[in-house]
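From first to last, the protein sequence lines are chains V and P.
Mapping of the first sequence onto this note's numbering: residues 62 to 222, in sequence order.
Mapping of the second sequence onto this note's numbering: residues 14 to 437, in sequence order.
Glycine residues also receive a C-beta, built at the ideal position from the N, C-alpha and C atoms.
Okay, structure first, notes after.
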Amino acid sequence: MRKYRYVKSEASQHDMKLVQLGAKVEQINSKMCYVKFDIEGFELAYVYNINKKGKYFLERIKPYPLPMREFKSESDVINIIKIDLEQFKNAVNSRNIDAFVTISTELNRTIKQFEDLFLYYNVPKIETQIIMGKISEIQKEIANTKENSERVYFTKDPDNL
Amino acid sequence: MLHNHVLVAILIFSLTYTAIISEKINRTVIAMFGAVLMIIFQVISQEHAFGVVDYNTIGLLIGMMIIVNILKKTGIFQYVAIKTAKVSKGDPWRIIVYFTIITAISSALLDNVTTILLIAPVTFVITDTLEINPIPFMIAEILSANIGGTATLIGDPPNIMIGGATGLGFMDFLMNLAPVVLVIFVVTILLLKVIFKKSLQVKEGNKNRILDFDETKTIKDKVLLIKSLIVLGLTITGFAIHQFIGLESATVALFGGTFLLLISNIDPEEVLIEIEWTTIFFFIGLFVLVGALEEVGVIGFLAEKMIDFTKGDLVMTTMLILWLSAIASSFLDNIPFVATMIPLIKNLAAISSINVTPLWWALALGACLGGNGTLVGASANVIVGGMLEKQGHKLSFMNYMKVGFPLTIISIIISTIYLMVFYI
Chain V
62 MRKYRYVKSE
72 ASQHDMKLVQ
82 LGAKVEQINS
92 KMCYVKFDIE
102 GFELAYVYNI
112 NKKGKYFLER
122 IKPYPLPMRE
132 FKSESDVINI
142 IKIDLEQFKN
152 AVNSRNIDAF
162 VTISTELNRT
172 IKQFEDLFLY
182 YNVPKIETQI
192 IMGKISEIQK
202 EIANTKENSE
212 RVYFTKDPDN
222 L
Chain P
14 MLHNHVLVAI
24 LIFSLTYTAI
34 ISEKINRTVI
44 AMFGAVLMII
54 FQVISQEHAF
64 GVVDYNTIGL
74 LIGMMIIVNI
84 LKKTGIFQYV
94 AIKTAKVSKG
104 DPWRIIVYFT
114 IITAISSALL
124 DNVTTILLIA
134 PVTFVITDTL
144 EINPIPFMIA
154 EILSANIGGT
164 ATLIGDPPNI
174 MIGGATGLGF
184 MDFLMNLAPV
194 VLVIFVVTIL
204 LLKVIFKKSL
214 QVKEGNKNRI
224 LDFDETKTIK
234 DKVLLIKSLI
244 VLGLTITGFA
254 IHQFIGLESA
264 TVALFGGTFL
274 LLISNIDPEE
284 VLIEIEWTTI
294 FFFIGLFVLV
304 GALEEVGVIG
314 FLAEKMIDFT
324 KGDLVMTTML
334 ILWLSAIASS
344 FLDNIPFVAT
354 MIPLIKNLAA
364 ISSINVTPLW
374 WALALGACLG
384 GNGTLVGASA
394 NVIVGGMLEK
404 QGHKLSFMNY
414 MKVGFPLTII
424 SIIISTIYLM
434 VFYI
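Written out as structure tokens, the structure reads:
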């Protein structure tokens, strides 16, 4: 009970500070769920939140952080995790798994660097065009690689490819 | 058989009490477990165990918790705190004075823990802004919460329990305790000024940052605020007249709580989930434990011993209860202590010709004010200690006691004079 009271006190302080910054703050009672799988020593973890307001959040936190697609009801989250798990079980047996995790982590880091670049510096237009061109190159490379690679998962089609 | 029941009852009660004091096991769990053991070992029947639970106390606590849980959603407490901080123009000592007044008044109308949970977060934001150590502010708020709570029937759990057991009403508590509480509060504030004044230095720039706060942003739902304040006003009026219209205080609180639930359009689950059920079940467990002890005659035996010790002298008995309650409540949870003392005083009334009314006020003053003695004396103190630690400001047991204990002794001396002059 005492720890819960500290949480409430902390939440009240956040509420007050954010309201003074101009935010509209709504505190929602919810269940925060941490989910962990151990696939032959490879750790896969998620965090998701279910609540009565119908606002749901799911994020994969390991092997690298990634917001997952939105889901309409709390029951959908199990299907999303189930598919993700099946795909990672396949991927773990692949000899490219280490490269896959490294590339995904680097892409995440690149997004953060890009954000810092634009938020901390006045970037010349020519540089933004160069970066855009490099991103197009990567996207084309991913599309080409897809054409030349054997599909191994068929339960559902890719969401972004 | 009966002799065995006495031994079993004393054993279960002592072990449970020890476990509560040790804080090694959750107090609610151990109180409920001890209560169930009393039934299993047939010290008290299940039917009688349910009968000894004081539902007036339970109903009053639940009713007020419902009202507060809805009221706090409106942002009114933040509004009042920011408004007063701005009126003080960022002067730390004036903020302490205003916040302690808010805390004392709120604590008289709500329970201490709730008051602290409402005022502490605002205080941390203000002290962060002023870039000043929050410890003097928080010590002042602990003291004023416990002092303010002493003034009314609904201000502190010991008073709620005394009211529930004796039929003494809201106005009885207000008329008999508020005058001395007011004196104690003023003396405490004056002494706090002497203790803390030198440590409250802030930069002028930080004072101006307080003026940038916008209190109007804190009100989240104006309609709900108006409804809540009307219901709170009705409830307090109900407390003021409940004895004259033949209603128990729990009925008034539950009317206020359920009426506000009805008109607020808030999901009742959102409100009821915030009720401190662990506290409610702790009370239920204690009532059964003490009821079982009374059932087997232990409380009556202790009352006889007390009469033998004091020779039935009212002055000595009153002083014994006042000072014993104060010292015990400084170091122990005052709720189980008061739960045990209530049937003891009732037994005193039954076996002697003593006028026990001053004893109830002595118990209320001792148990409530005694909570200020140490950092573990009351739930509000423990919570503030934890909050400060989490904020990176460690308030040690001794550092609190250096301020809290002498001020407690002074408040009990004032109470002693008050009881001697007006009641004995």
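Residues in the same chain with beta-carbon distance under 6 Å from Ser-392 (chain P), minus the five sequence neighbours each way, listed in chain order, please. Val-126
Asn-169 (chain V): buried (16+ other C-beta within 10 angstroms of its C-beta) or exposed? exposed
Thr-70 (chain P): which of P:Met-411, P:Ala-178, P:Val-200 and P:Leu-274 sits nearest, CA to CA? P:Ala-178
Could you tell me whether the Cβ of Tyr-95 (chain V) comes closer than 7 Å to any Cβ of chain P? no
Establish whether the CB of Lys-403 (chain P) and some CB of chain V are separated by less than 7 Å. yes
Counting only Cβ pairs nearer than 7 Å, list the residues of chain P close to Asn-90 (chain V). Glu-283 and Ile-286
From the DSSP output, read off the bridge partner residues of Val-96 (chain V). V:Tyr-107
Within the same chain, show all residues whose beta-carbon is closer than 6 Å to that of Ala-98 (chain P), passing over the 5 residues directly before and after it, in chain order. Ile-108, Ile-139 and Ile-223
CB contact flag (Leu-361 (chain P), Leu-315 (chain P), <7 Å): no
Does Val-80 (chain V) have its Cβ less than 7 Å from a Cβ in chain P? yes
Leu-50 (chain P) to Asp-67 (chain P) span [Cα, whole Å]: 19 Å
7 Å CB neighbourhood of Val-200 (chain P) in its chain, flanking five on each side removed: Ile-423 and Ile-427
Collapsed DSSP secondary structure at Leu-302 (chain P) in the structure displayed: helix
Reduced DSSP category for Pro-126 (chain V) - H, G, I as helix; E, B as strand; rest coil: coil
Find the residues of chain P that neighbour Met-193 (chain V), judging by a C-beta separation of less than 9 Å, and give them in chain order. Within chain P, no residue comes near Met-193 (chain V); the closest Cβ sits about 40 Å away, beyond 9 Å.
Please name the residue in P:Ile-83, P:Ile-57 and P:Leu-20 whose C-alpha comes closest to that of Ile-288 (chain P). P:Ile-83
Short of 6 Å in beta carbon distance, which residues of its chain neighbour Tyr-436 (chain P), apart from the five on each side in sequence? Order them along the chain. Pro-371
If you run the structure through DSSP and keep just helix, strand and coil, what is Asn-219 (chain P)? helix
Distance cutoff 7 Å, beta carbons only. Does Gln-200 (chain V) sit that close to anything in chain P? no
Please name the residue in V:Ala-72, V:Pro-124 and V:Asn-221 whose C-alpha comes closest to that of Ile-100 (chain V). V:Pro-124
Tell me which residues share the same chain as Ser-165 (chain V) and place their Cβ nearer than 6 Å to its Cβ, disregarding the 5 neighbours each side in the sequence. Tyr-125
Quick one: residues in its chain with C-beta nearer than 8 Å to the C-beta of Lys-407 (chain P), no 5 flanking neighbours on either side, listed in chain order? Leu-401
Quick one: does Met-45 (chain P) have its CB under 7 Å from some CB of chain V? no
Where does Phe-410 (chain P) sit, in a helix, a strand or coil, going by DSSP? helix
DSSP state of Arg-107 (chain P) mapped onto helix, strand, coil: helix
What does a CB cutoff of less than 8 Å around Ser-366 (chain P) pick up in its chain, not counting 5 residues either side in sequence? Gly-325
Burial state of Val-351 (chain P), where buried means 16 or more other Cβ atoms lie within 10 Å: buried
So what does Arg-121 (chain V) bridge to, in DSSP terms? V:Tyr-107 and V:Leu-127
For Met-129 (chain V), which residues in chain P fall below 9 Å Cβ to Cβ? Going along chain P, no residue has its Cβ under 9 Å from Met-129 (chain V), so there is no contact; the nearest lies around 28 Å.
What is the C-beta distance between Glu-154 (chain P) and Phe-186 (chain P), in whole angstroms, given that I count them as a contact (C-beta under 8 Å)? With a Cβ gap of about 22 Å, Glu-154 (chain P) and Phe-186 (chain P) do not count as contacting.
Simplified DSSP state of Ser-212 (chain P), which is helix, strand or coil: helix
Euclidean distance between Cα positions of Val-244 (chain P) and Leu-335 (chain P): 36 Å
Is Phe-90 (chain P) closer than 7 Å to Leu-131 (chain P) when the C-beta atoms are compared? yes
Anyone know if the C-beta pair for Val-121 (chain V) and Tyr-107 (chain V) falls short of 7 Å? The question names Val, yet the displayed sequence has Arg at residue 121 (chain V). Cβ distance < 7 Å, so Arg-121 (chain V) and Tyr-107 (chain V) count as in contact.
Which residues, in chain order, does the stretch 63 to 78 of chain V contribute to contact with chain P at a C-beta distance below 7 Å? Arg-63, Arg-66, Tyr-67, Lys-69, Ser-70, Ser-73, Gln-74, Met-77 and Lys-78
What number of angstroms, rounded off, separates the C-alpha of Asp-76 (chain V) from the C-alpha of Asn-221 (chain P)? 22 Å
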